[in-house]
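Notes follow once the structure below has been shown.
Residue numbers (the numbering used here), protein chains in the order written: chain A, 1 to 238; chain B, 1001 to 1238.
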């Protein structure tokens, strides 16, 4: 994949590559959000960002760049936790992650990359372009790299999903002893995202991973399905 | 793999199957903890468990079986959260998960399956047996299926690791722009565990998945490396 620039038609680029690489209906494409964000113009020059009083106050307590703090605040519903320079935010999408998903690595110098405004819509555009090109349903999972509560280290999670069921509901299925399964929801799109992390070097350069041979079901649901509603969450706090 | 019973020599069984299936040095075996727990005798008949007053009190507020509550309490350092029937525990290993990792699905009727006492030691025994049989280093990841704060659905995570580095430290590496990477810790063993979930039906029957072609580094560290210390955790609470 060539370097992606603002305004590039990423769905067409990915569809052409997919067809050339032998992607077939049933495959799932896992796409790092950074190329999506770049194509969608979600790359911001920090020098062009005005930091208001709230951003400057956040910069003072975190030691972060005031312009970066202004972006974090504008991308967040709220700050969920702060300790030192660590800021865990709830984004407008509902994701709970560091710095509202804003990242400066693999970004041009002096810029920051934001999450797509609507990553499920981004996934649907990619899905439609690839499906049309290969002649049948494919899945698309757009990923970001997040930390987790309770556990060290980062994993890729799904921020956008199209063409496949993001969460498999196993209600009514039985185990090998004939008992109804208790753990009934499988976070398929997050499993796909995490698996892609094995093949996407953190230094960049591999924005798309293809998963073949996996049985998936079509679904209109997106990655929003994977967001636990705050009222059902035991850890976010009020 | 035949049905595993208490006292079975699981490392020898897995090593024989691995050799027969063409496992080679460098491969990683991802093993569902249930077969490990079964072989290690961590299957408990609920009728044989005495519920003390604390277990009975927990049963009263959760609606769970008092014997199951006694097991959950004995496997936990503490209860981290409770809402209705949902119990999030911190296990003696440090894992934060529902019901201290105790499960009754795919368990013989009237029994519950506990996590291995020391899943890293279990992983090391499997690792040593398979490595000896195939003539070189392999990796072993022992998994459990956990929920997550903030997100719906379950994913497999690593509860035991041997032979590979569980968390990759990227400090000092640079991105394609030459900037030092900020997100420096990759939870490799959790990525492997999550990937295995794509191939392990929740109804059971596929306890081992082999990952080939992945570059890993040897390490004495286990899954304990993946446990965030409570003092560094922003969500567990005191």
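Backbone N, C-alpha and C fix where the C-beta goes; we use that ideal spot for every residue, glycine too.
C-beta contact flag for residue i and residue j at 8 Å
i               : j               : result
residue 1086(B) : residue 1070(B) : no
residue 43(A)   : residue 123(A)  : no
residue 1166(B) : residue 1205(B) : no
residue 1187(B) : residue 101(A)  : no
residue 1048(B) : residue 1066(B) : no
residue 140(A)  : residue 31(A)   : yes
residue 80(A)   : residue 237(A)  : yes
residue 29(A)   : residue 168(A)  : no
residue 208(A)  : residue 1(A)    : yes
residue 1092(B) : residue 1077(B) : yes
residue 133(A)  : residue 19(A)   : yes
residue 1109(B) : residue 1033(B) : no
residue 113(A)  : residue 37(A)   : yes
residue 1212(B) : residue 1021(B) : no
residue 151(A)  : residue 1005(B) : no
residue 1129(B) : residue 1014(B) : yes
residue 1039(B) : residue 1068(B) : no
residue 1164(B) : residue 1074(B) : no
residue 987(B)  : residue 198(A)  : The structure shown does not extend to residue 987(B), since chain B is modelled only from 1001 to 1238, so the question has no answer here.
residue 1159(B) : residue 1201(B) : no
residue 203(A)  : residue 1174(B) : yes
residue 149(A)  : residue 1149(B) : yes
residue 1190(B) : residue 16(A)   : no
Chain A contact for residue i (CB, 8 Å cutoff)
i               : result
residue 1096(B) : yes
residue 1144(B) : no
residue 1141(B) : no
residue 1024(B) : no
residue 1231(B) : no
residue 1030(B) : no
residue 1010(B) : no
residue 1198(B) : yes
residue 1021(B) : no
residue 1167(B) : yes
residue 1047(B) : no
residue 1005(B) : no
residue 1171(B) : no
residue 1052(B) : no
Chain-ordered chain A contacts of residue i [CB-CB under 8 Å]
i               : result
residue 1137(B) : Chain A residues near residue 1137(B): none, gap ~18 Å exceeds 8 Å.
Under 8 Å from the C-beta of residue i: neighbouring residues of chain D
i             : result
residue 81(A) : Judged by its chain identifiers, the structure shown contains no chain D, and its protein chains are A and B.
Chain A contact residues for residue i, given Cβ-Cβ distances below 7 Å
i              : result
residue 990(B) : The requested residue 990(B) is not part of the displayed model; chain B covers only 1001 to 1238.
Closer than 9 Å at the beta carbon, the chain B residues around residue i
i             : result
residue 62(A) : Under the 9 Å cutoff, chain B gives no residues; its nearest Cβ is about 14 Å from residue 62(A).
residue 40(A) : Residues of chain B passing the Cβ test: none, with the nearest at roughly 20 Å.
Contacts that residue i makes with chain B (C-beta to C-beta distance below 7 Å)
i              : result
residue 317(A) : Nothing in the structure corresponds to residue 317(A), since chain A is present only between 1 and 238.
Residue i at chain B interface by Cβ criterion, 8 Å
i              : result
residue 128(A) : no
residue 43(A)  : no
residue 155(A) : yes
residue 194(A) : yes
Contact set between residue i and chain B, taken where Cβ atoms lie within less than 8 Å
i              : result
residue 174(A) : 1203
residue 152(A) : 1167, 1185, 1187, 1225, 1226, 1227, 1228
residue 164(A) : The contacting residues do not exist; residue 164(A) stays about 12 Å from chain B at best.
| the stretch 1201-1229 of chain B: which residues have C-beta closer than 8 Å to a C-beta of chain A, in chain order? | Answer set for the stretch 1201-1229 of chain B: 1202, 1203, 1204, 1205, 1211, 1214, 1225, 1226, 1227, 1228.
| Which residue spans inside the stretch 1114-1166 of chain B form an unbroken alpha helix (DSSP H) run of at least 4? | Taken in chain order, the unbroken stretches of alpha helix (DSSP H) that lie wholly in the stretch 1114-1166 of chain B and span 4 residues or more are 1119-1134.
| request: Taking only beta carbons into account, state which residues of the stretch 102-135 of chain A come closer than 9 Å to chain B, listed in chain order. | output: Here the close residues are 103, 104, 105, 106, 107, 108, 109.
| query | In the stretch 1065-1077 of chain B, which residues sit with their C-beta less than 7 Å from some C-beta in chain A, listed in chain order? | reply | For the stretch 1065-1077 of chain B, no residue has a beta-carbon sitting nearer than 7 Å to a beta-carbon of chain A.
| At which residue ranges does the stretch 1041-1124 of chain B contain complete beta strand (DSSP E) runs of 3 or more residues, listed in the order of the chain? | Given a length threshold of 3 residues, each whole run of the beta strand (DSSP E) inside the stretch 1041-1124 of chain B is given here in chain order: 1043-1045, 1076-1083, 1086-1091, 1096-1098, 1111-1113.
| task | Ignoring anything shorter than 3 residues or poking outside the stretch 1179-1210 of chain B, list the beta strand (DSSP E) runs there in chain order. | result | Given a length threshold of 3 residues, the stretch 1179-1210 of chain B has no whole run of the beta strand (DSSP E) inside it.
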